[in-house]
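Numbering (the working numbering), first residue to last: 70 to 552. Even for Gly, the Cβ is constructed at its ideal location relative to N, Cα and C. Single-structure report; data block below.
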């Protein structure tokens, strides 16, 4: 086992055994303790794309009891500063392309410094004996109030997510998978990285998703499990080299983030790759549900069944369980649930109820026991696998000096699954174009958060309570998109 390959770095071609990974993690943990003077419970933020130093840093933090805080590098500087203000990290680690973050950090070092440490002699670390309830990392999720919330991920949650994943996917030490989901996502760490390391598997690490390279490496590295959102799987199948690649090593593909279109399922089936759809979220997983591959067509849209160590119920607005087949909010309970939100007791109390986590997602269960996600209780939409909350986008647009009113909704998009549509009312005597507003949004929002569609209106529809009626806007978009 120590000499077995653990991580392959596609950028450098370097290959790391479990022994080497452990030795380097020890080296880095010693440096963090002795040179950076970090102790258990301190927070270390990271702003970087995927790289092997990032992976080693995770295990080094684990050995020292340090809480890792991966930050979304796709956010503009103002957005990153907001997260750093909230996390208040004792140290920030950054890659060179994001060196601007050191301006607002108390202490900061670069990934290049980490590389030098890994090639040097360092004192042995004092290994921290973690409790299951200790926090391993803080992952920021977009908040429905416009403010991101830091989900505290405990070692218990990571462990039981790994167990659930092993049971549902029948993982073994012979499995191999890509790691190309960004590390500021729970999917980057906990869909397959931590479960496969737990079970002695192999990881093929990409800095970013590269569809053509994935196709090439399937055969070269004997990939056994593919993971991605539908957009990623579609991009792979549209590459010219997809037809010729030998995929005989692949047991199945797992698809999350949104429902996988039938044409994608059929194309992979033609290649002999069954697609298993699933469901999860940062606060409870992410591997909570799994649909057997043979049901992908018959139970189109279903996320399957809850994994073994997960309690579920579907409730109405009074927290009473709904009848079979009726729609309600999905609640989950078990050791895979997060520990709450960082420095946000109000949001924690709203999310957790006697151990049950409110997902905010609307579900139903059919007569055969298959579960379906049918909507989002709080208007969130998913663009290219990224959660987007309209209020967060509206908050930015409202700050433009020409804007009087705005409402943002999620609308269907062929490429990204969903994208944003903004309906905007301008202040009297002002002018603003779609391009100007989109450029403004990109100063404060990531690309996937910036509305693709923008319509200027004289007024927005309101109801009896003077609240903007977004359902009316959804219908209006349907009419406009067919014009």
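Item                                                                                                                                                                                               : Value
Need the endpoints of the beta strand (DSSP E) that residue 558 sits in, please.                                                                                                                   : What the structure shows of the chain is the stretch from 70 to 552, and residue 558 is not part of that stretch, so it cannot be assessed.
What does a CB cutoff of less than 6 Å around residue 325 pick up in its chain, not counting 5 residues either side in sequence?                                                                   : 347
Who pairs with residue 345 in a beta bridge, going by DSSP?                                                                                                                                        : 323
Quick check on this structure: which residue in 194, 138, 176 has the alpha carbon closest to the alpha carbon of residue 258?                                                                     : 138
Excluding sequence positions up to five away, which residues of its chain have a Cβ less than 6 Å from the Cβ of residue 452?                                                                      : 485, 487, 488, 517
Looking only at its own chain, which residues have a Cβ that is under 7 Å from the Cβ of residue 481, when we skip the five neighbours before and after it?                                        : 487
I'd like to know whether the C-beta atoms of residue 222 and residue 206 end up nearer to each other than 7 Å.                                                                                     : yes
Could you give the DSSP three-state label for residue 269: helix, strand or coil?                                                                                                                  : coil
If I'm right that residue 379 touches residue 233 with Cβ under 8 Å, what's the distance once you round it to whole angstroms?                                                                     : 7 Å
Strictly by DSSP, which residues pair up with residue 429?                                                                                                                                         : DSSP, once it has assigned bridges, lists no residue as partnering residue 429.
If we ignore side chains and look at the alpha-carbon of each, how far apart do residue 475 and residue 396 end up?                                                                                : 30 Å
Using the Cα positions of residue 300 and residue 462, report the straight-line distance between them to the nearest angstrom.                                                                     : 23 Å
What three-state label does DSSP hand residue 102 in the structure shown?                                                                                                                          : helix
Buried or exposed for residue 387, please, with buried defined as at least 16 other CB atoms from any protein chain shown within 10 angstroms of its CB.                                           : exposed
How would you call residue 254, buried or exposed, if buried means at least 16 neighbouring beta carbons within 10 angstroms?                                                                      : buried
Can you tell me where the beta strand (DSSP E) with residue 474 in it begins and where it stops?                                                                                                   : 472-482
Under the rule that 16 or more other beta-carbon atoms within 10 Å means buried, what is residue 359, buried or exposed?                                                                           : buried
According to DSSP, simplified to helix, strand and coil, what is residue 212?                                                                                                                      : For residue 212, the predicted structure reports a pLDDT of 47, less than 50, and the residue's modelled location is therefore unreliable. The matter cannot be settled from this model.
Quick check: the Cα distance between residue 449 and residue 175, rounded to an integer number of angstroms?                                                                                       : 34 Å
In whole angstroms, what is the alpha-carbon distance linking residue 189 and residue 127?                                                                                                         : 19 Å
Our contact map puts residue 150 next to residue 165 with C-beta atoms below 8 Å; I'd like the distance itself, whole angstroms only.                                                              : Actually they are not in contact, since the Cβ atoms of residue 150 and residue 165 sit about 19 Å apart, beyond 8 Å.
Can you tell me whether residue 214 is buried or exposed, with buried defined as 16 or more other CB within 10 angstroms of its CB?                                                                : Unreliable placement is indicated for residue 214, whose pLDDT of 43 sits below 50; the coordinate value is still reported in the next sentence. The residue in question, residue 214, is exposed, as its Cβ has fewer than 16 Cβ neighbours within 10 Å.
Below 8 Å on the Cβ atoms is my guess for residue 133 versus residue 107; work out the distance and round it to an integer in Å.                                                                   : 7 Å
Rounded to whole angstroms, what is the Cα-Cα separation between residue 88 and residue 439?                                                                                                       : 42 Å
Would residue 303 be called buried (16 or more neighbouring beta carbons within 10 Å of its own) or exposed?                                                                                       : buried
Tell me the residue span of the beta strand (DSSP E) that contains residue 523.                                                                                                                    : 522-525
Using the C-alpha atoms, what's the distance from residue 84 back to residue 242?                                                                                                                  : 17 Å
With DSSP collapsed to three states, give me the class of residue 70.                                                                                                                              : coil
Please go through the same chain and pick out, in chain order, the residues whose beta-carbon is closer than 6 Å to the beta-carbon of residue 267, but skip the five residues on each side of it. : 231
So, at 6 Å on beta carbons, what are the nonlocal neighbours of residue 479 in its own chain, with the 5 sequence-adjacent residues on each side left out?                                         : 450, 487
So, for residue 262: in the same chain, excluding its five sequence neighbours on each side, which residues have a beta-carbon less than 7 Å away from its beta-carbon?                            : 248, 272
Taking all protein chains shown into account, decide if residue 531 is buried (16 or more other Cβ within 10 angstroms of its Cβ) or exposed.                                                      : exposed
CA-CA distance, residue 111 and residue 156?                                                                                                                                                       : 10 Å
Going by CA-CA distance only, name the one from 406, 329, 244 that's closest to residue 354.                                                                                                       : 406
How would you label residue 218, buried or exposed, when you count the other beta carbons within 10 angstroms and need 16 or more for buried?                                                      : buried
Below 7 Å between beta carbons: does that hold for residue 424 and residue 417?                                                                                                                    : no
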